[in-house]
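Mapped onto mature numbering (1 follows the signal peptide of the UniProt record, and there is no 0), the consecutive letters of the sequence shown carry residue numbers -25 to -1, 1 to 329.
Take a look at the structure below.
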Amino acid sequence: MSKIRRHYKVLLLSLFVLLTCSACSNPRGTDGKTKVDQIIASEKIEIDKSQVNIEEVADPALKEELISDTSDVVTIEPTSWSSAWGNGWFDGLIVWPIAQLINVLASFTDAGWGIILTTLLIQLLIYVLTYKSQLSQQRMQELQPEMQRIQNKYAGKNDERSRMLMAQETQKLYTDNDIHPFGSILVMFIQLPVMMGMFYATMRAATTVYGSFMGMPLSETPLGAFANLDWGPIIIYALMIVMSIVSMQLPKWMGKMDKKKQEANQKKSKFKKKEEQSQGGMMANTMNMTMYMTTAMVAFMYISWPIAMSFYWLVSSAIRSGMSVLSHYVSNKKAAAQAANAAHDAGILKNRKK
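This is the structure we're talking about:
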């Protein structure tokens, strides 16, 4: 019980961090442009007024000064770390460093590569810090059909013995596959604030506000691109949707591939295959519905936002897919080594008995 309470406290802390981060003010105005007082710059720059929002600036004095200025450009001063901390710990500890990293990397290439390299570095750092937990989480996703089969086996059986047997089978599945269910909480605890920080940093980094990728302005919206038939942003927006689906489906696809290989090796009966497919169908439909709803929500939000956000989500989805493949490979290699060791130990024990 003490172990469960400890994990429960970690979950509550994770939810608290999520709610705290969610309370951050929206850096974009109703027109989808970044508010000029929310931009994070690493050096003094001048940005065209058409690229930023000055109507919804929080500071009345600054707002009046910007509106009364007849110039077509607005000057952005470098954003200090202390001023970022003045807006809260989330800005100072997470958003400001990520935004400045994007700005620095973009200064050597362009804004698009700044987003790509920053996202890659952050994802690699998270992967290193949560390596074992991510492997466990990956296996949990791949074994969802097996978990659903156990739940269906005891569906409608509410007696104490049935609940105990279901818990034992589930625990055995976890043990056999080296899964630690509460390990995913650590991944969530680290990933959520960083992912939200990356989200805000992409909106607020100066280089993504006025920058470009391969000559394509990242301030353009997919909605505007569809109206003008500008194929660059349209392709990025479409690829974002496709990669979002792929990144969510990939663990399930790899799990199915492993299952087919196992069935081919074990030569299971047709009846058993049919039974397992029907049992896993309901859960698969639920997961697909959740995936499509999530993708539809992201697509709806991002269609009126600058293409920088679609580009960031595309890069993140591609990196998550690569991480899933890597985790799957490592997990399978580890499982094969454990099976080989178990077979070797069994062989030694058998020889001793002889």
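Backbone N, C-alpha and C define an ideal beta-carbon position, used for all residues, glycine too.
These numbers come from a predicted model, not from an experiment.
Q) Helix, strand or coil: which one does DSSP assign to Pro2? A) As a first step, residue 2 is located in the sequence shown; it is residue number 27 there, counting from the start. Three-state DSSP puts Pro2 in coil, outside helix and strand.
Q. Leu95: which of Asn307, Leu289, Val305 and Lys308 sits nearest, CA to CA?
A. On the sequence shown, position 120 is the one that residue 95 refers to. Answer by Cα proximity: Leu289.
Q. Beta-carbon separation of Ile282 and Ile211 under 7 Å?
A. By 1-based counting over the sequence shown, the position of residue 282 is 307. By 1-based counting over the sequence shown, the position of residue 211 is 236. Contact flag set, yes.
Q. Residue range of the alpha helix (DSSP H) that Ile97 falls in?
A. Here residue 97 is taken as the residue at index 122 of the sequence shown, counted from 1. Segment Ala86 to Leu104, the alpha helix (DSSP H) holding Ile97.
Q.
Considering only the alpha carbon of each residue, which of Ile97, Lys147, Asp134 and Met178 lies closest to Gln166?
A. Position 191 of the sequence shown holds residue 166. Minimum Cα distance to Gln166 is reached at Ile97.
Q.
Taking the straight line between their C-alpha atoms, what separation do you get for Thr5 and Tyr149?
A. The sequence position of residue 5 within the sequence shown is 30, counting from 1. The sequence position of residue 149 within the sequence shown is 174, counting from 1. In a straight line, the C-alpha of Thr5 is about 47 Å away from that of Tyr149.
Q: With a threshold of 16 other CB atoms inside 10 Å of the CB of Ala36, please say whether the residue is buried or exposed.
A: Working through the sequence shown from its first residue, we reach residue 36 at position 61. With fewer than 16 Cβ atoms within 10 Å of its Cβ, Ala36 is classed as exposed.
(Q) I need the DSSP call for Thr45, collapsed to helix, strand or coil. (A) Indexing the sequence shown from 1 puts residue 45 at position 70. Three-state DSSP puts Thr45 in coil, outside helix and strand.
(Q) Please report the distance separating the alpha-carbon of Gly131 from that of Ser187. (A) Indexing the sequence shown from 1 puts residue 131 at position 156. Indexing the sequence shown from 1 puts residue 187 at position 212. When rounded, the distance between both Cα atoms is 58 Å.
Q. Helix, strand or coil: which one does DSSP assign to Asp233?
A. By 1-based counting over the sequence shown, the position of residue 233 is 258. Asp233: helix per DSSP, three-state reduction.
Q.
Whether or not the segment 44 to 61 and the segment 226 to 240 are in contact is what I'm after, with contact meaning three or more pairs of Cβ atoms, one per stretch, closer than 8 Å; do they touch?
A. no
Q.
Based on DSSP bridge pairs, tell me the residues matched to Thr9.
A. Within the sequence shown, numbered from 1, the residue matching residue 9 stands at position 34. Beta-bridge pairing links Thr9 to Arg3.
Q: Would you decide whether Ala142 is buried or exposed? Buried here means 16 or more other CB atoms lie within 10 Å of its CB.
A: The residue given as residue 142 occupies position 167 in the sequence shown. So Ala142 ends up on the exposed side.
Q) Which partner residues of Asn28 appear in the DSSP bridge assignment? A) If you number the sequence shown from 1, residue 28 lands on position 53. Paired residue(s): Lys10.
Q.
So, for Thr145: in the same chain, excluding its five sequence neighbours on each side, which residues have a beta-carbon less than 8 Å away from its beta-carbon?
A. For the purposes of this step, residue 145 is taken as the residue at position 170 of the sequence shown. Only Met122 and Ile125 meet the Cβ criterion.
Q: Provide the residue(s) that pair with residue 336 in DSSP beta bridges, ordered along the chain.
A: Outside the modelled stretch of the chain, which goes from -25 to 329, sits residue 336, for which no answer is possible.
Q.
For Met191, which residues in the same chain have their Cβ closer than 6 Å to its Cβ, ignoring the five residues on either side in sequence?
A. On the sequence shown, position 216 is the one that residue 191 refers to. Here the set comprises Gly207.
Q) Taking contact to mean at least 3 C-beta pairs separated by less than 8 Å, is the segment 57 to 70 in contact with the segment 166 to 178? A) yes
Q. Hey, Lys24 and Val32 are a contact pair by Cβ (cut 8 Å); roughly how many whole angstroms apart?
A. Start at 1 with the first residue of the sequence shown, and residue 24 comes out as number 49. Start at 1 with the first residue of the sequence shown, and residue 32 comes out as number 57. That belief does not hold up - the Cβ atoms of Lys24 and Val32 are roughly 12 Å apart, past 8 Å.
(Q) Can you find the residues in the same chain that come closer than 8 Å, C-beta to C-beta, to Asn307, ignoring five residues on each side of it along the sequence? (A) For this step, residue 307 is matched to residue 332 along the sequence shown. Cβ neighbours of Asn307 beyond the five flanking positions: Asp233.
Q | Nearest neighbour of Trp71, chosen from Leu225, Ala312, Ile14 and Asp134 [CA to CA] | A | The residue you call residue 71 lines up with position 96 of the sequence shown. The shortest Cα separation from Trp71 among Leu225, Ala312, Ile14 and Asp134 belongs to Ile14.
Q: Could you tell me how far apart the beta carbons of Thr93 and Ile73 are, in whole angstroms, since I believe they sit closer than 8 Å?
A: Your numbering for residue 93 matches position 118 in the sequence shown. Your numbering for residue 73 matches position 98 in the sequence shown. Contact holds; Cβ gap of about 6 Å.
Q: Below 8 Å CB to CB, which residues in the same chain sit around Leu80 once its five sequence neighbours on both sides are set aside?
A: Here residue 80 corresponds to residue number 105 of the sequence shown, with the count starting at 1. Excluding positions up to five away in sequence, the list reads Trp88, Gly89, Leu92 and Thr93.
**Q.** Backbone CA spacing between Val300 and Leu41 [nearest angstrom]
**A.** As a position in the sequence shown, residue 300 is number 325, starting the count at 1. As a position in the sequence shown, residue 41 is number 66, starting the count at 1. Distance between the alpha carbons of Val300 and Leu41 is about 50 Å.
Q) Is the distance from the Cβ of Ser296 to the Cβ of Leu204 below 7 Å? A) Locating residue 296 in the sequence shown gives position 321, where the first residue counts as 1. Locating residue 204 in the sequence shown gives position 229, where the first residue counts as 1. No, they are not a contact pair.
Q) In chain order, what residues of the same chain have a beta carbon less than 7 Å from the beta carbon of Ala176, not counting five sequence neighbours either side? A) Residue 176 sits at position 201 when you count from the first residue of the sequence shown. Val70, Ile73, Ala74 and Ile77, listed in sequence order.
Q | Cβ-Cβ separation, Lys8 to Thr50 (assumed contact under 8 Å), whole Å | A | Numbered from its first residue, the sequence shown carries residue 50 at position 75. Numbered from its first residue, the sequence shown carries residue 8 at position 33. Between Lys8 and Thr50 the Cβ distance is about 17 Å, and since that is not below 8 Å, they are no contact.
Q) Going by the CB atoms, is the gap between Ser219 and Thr183 shorter than 7 Å? A) Your numbering for residue 183 matches position 208 in the sequence shown. Your numbering for residue 219 matches position 244 in the sequence shown. No, these two residues do not count as a Cβ contact at 7 Å.
Q) Which value, in whole angstroms, describes the spacing of the CA atoms of Ser285 and Ala180? A) As a working note, residue 285 is residue 310 in the sequence shown. As a working note, residue 180 is residue 205 in the sequence shown. Approximately 15 Å between the Cα atoms of the pair.
Q | Tyr304 classed as buried or exposed, judged by whether at least 16 other C-beta atoms fall within 10 angstroms | A | Locating residue 304 in the sequence shown gives position 329, where the first residue counts as 1. When all chains shown are included, Tyr304 counts as exposed.
**Q.** Beta bridge counterpart(s) of Ser187 as assigned by DSSP
**A.** Your numbering for residue 187 matches position 212 in the sequence shown. DSSP output for Ser187 lists Pro192 as bridge partner(s).
Q: Return the CA-CA distance between Tyr267 and Arg3, expressed in angstroms with no decimal places.
A: In the sequence shown, counting from the first residue as 1, residue 267 sits at position 292. In the sequence shown, counting from the first residue as 1, residue 3 sits at position 28. Going from the Cα of Tyr267 to the Cα of Arg3 covers about 26 Å.
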